[in-house]
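Since the structure comes first, as structure tokens, the remarks are kept for the end.
Residue numbers (the numbering used here): 717 to 1007.
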């Protein structure tokens, strides 16, 4: 079989497979029976290399991952390809990604050792999610009391991150260089006070001003409340003033009535006869004696 035919077969098979295929699996594709012209494994590798060169700079690329070879979308095309899918990809928490990174670089490693590195407890949901995602699996148990499980990464982990082996992971030195280039990539959640963003300080200042305004408004409300409290007192005083005036008027009216009675009495006395006057004086003297 010539190289061009081999390339077309490999191209069709890899596009239709939808998953990585290794050389052994691709070699079995050409096993159509005895007497058939078929390429050797070396010729298959050469055809794959030629295909990789043909797809350079195209909308798809042929890459080798841990499970074999596959066609995939090159980096930089994600914004357009992602619009084909209505469902958004899952977002993983920072704690989960930190745990995955520790397992990838320090495997095999136990849960307790991960907690010692992170400085916080590792939730069972994190390890469960990593195992369900088939990125992490239990590869053994440590020979210590309690026999804790030891975690390691899987082939699916390498395939997902387009890695052939763990050796292709960025070195710790490269990560330190990247961290010094962009301090925001630090894994720590606590930000030193001296490195605080000036904008955050401005926001805090704005919050402080807003708090002052609220305080001033509260003071104004309090003063208004005091004024409202004093208002009833003034009303009471206003109410008391008419009451005093009414009392004075009553007293004046009473004096007027008494004077009127005296006048009436005088008039009555003037209209009495002399005998009646004596009788009246006698009654008055008796009243005085009784008193």
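Where a beta carbon is used, it is the ideal one built from N, C-alpha and C, also for glycine. Since this is a predicted model, take the numbers as computed values, not measurements.
Across the structure, residue 824 and residue 748 are spaced so that their CA atoms are roughly 43 Å apart. Take the alpha-carbon of residue 757 and the one of residue 785: they are about 14 Å apart. With a minimum length of 4 residues, the unbroken runs of alpha helix (DSSP H) contained wholly in the region 755 to 810 fall at 757 to 770 and 794 to 797. Our two residues, residue 752 and residue 743, have alpha carbons roughly 13 Å apart in a direct line.
DSSP, reduced to helix, strand and coil, places residue 870 outside both helices and strands of the structure shown, so it counts as coil. Separation of the CB atoms of residue 852 and residue 869 is rounded to 6 Å, and the pair is thereby assigned contact status at 8 Å.
In this chain, the alpha helix (DSSP H) harbouring residue 741 covers 739 to 745.
Per DSSP, the unbroken alpha helix (DSSP H) holding residue 725 starts and ends at 719 to 733. If you ignore the 5 residues before and after residue 858, its C-beta comes within less than 6 Å of the C-beta of 826, 864 and 866, all in its own chain and listed in chain order. Looking at the DSSP output, residue 856 bridges to 866. In this chain, the alpha helix (DSSP H) harbouring residue 843 covers 840 to 848.
With 16 or more other Cβ atoms inside 10 Å of its own Cβ, residue 843 counts as buried.
When secondary structure is reduced to three states using DSSP, residue 881 falls in the coil class, being assigned neither helix nor strand. About 17 Å separates the beta carbon of residue 879 from that of residue 787, a gap too long to meet the 8 Å contact definition. If you draw a straight line from the Cα of residue 746 to the Cα of residue 802, it is about 38 Å long. Nearest C-alpha to residue 773 among 817, 792 and 783: 792.
About 11 Å separates the beta carbon of residue 759 from that of residue 721, a gap too long to meet the 8 Å contact definition. The region 830 to 843 makes no contact with the region 880 to 888, as fewer than three CB pairs between them are under 8 Å.
When beta bridges are read from the DSSP output, residue 825 appears opposite 867. Residue 782 is classed as buried because its beta carbon has at least 16 other beta carbons within 10 Å across all chains shown. With contacts defined by Cβ atoms closer than 7 Å, residue 779 and residue 789 do not form a contacting pair. If you compare the alpha carbons of 775, 830, 726 and 741 with that of residue 762, the shortest gap goes to 726. For residue 845, the CB contacts under 7 Å within the same chain, skipping 5 residues up- and downstream, are 812 in chain order.
Around the beta carbon of residue 770, fewer than 16 other beta carbons sit within 10 angstroms, so the residue counts as exposed.
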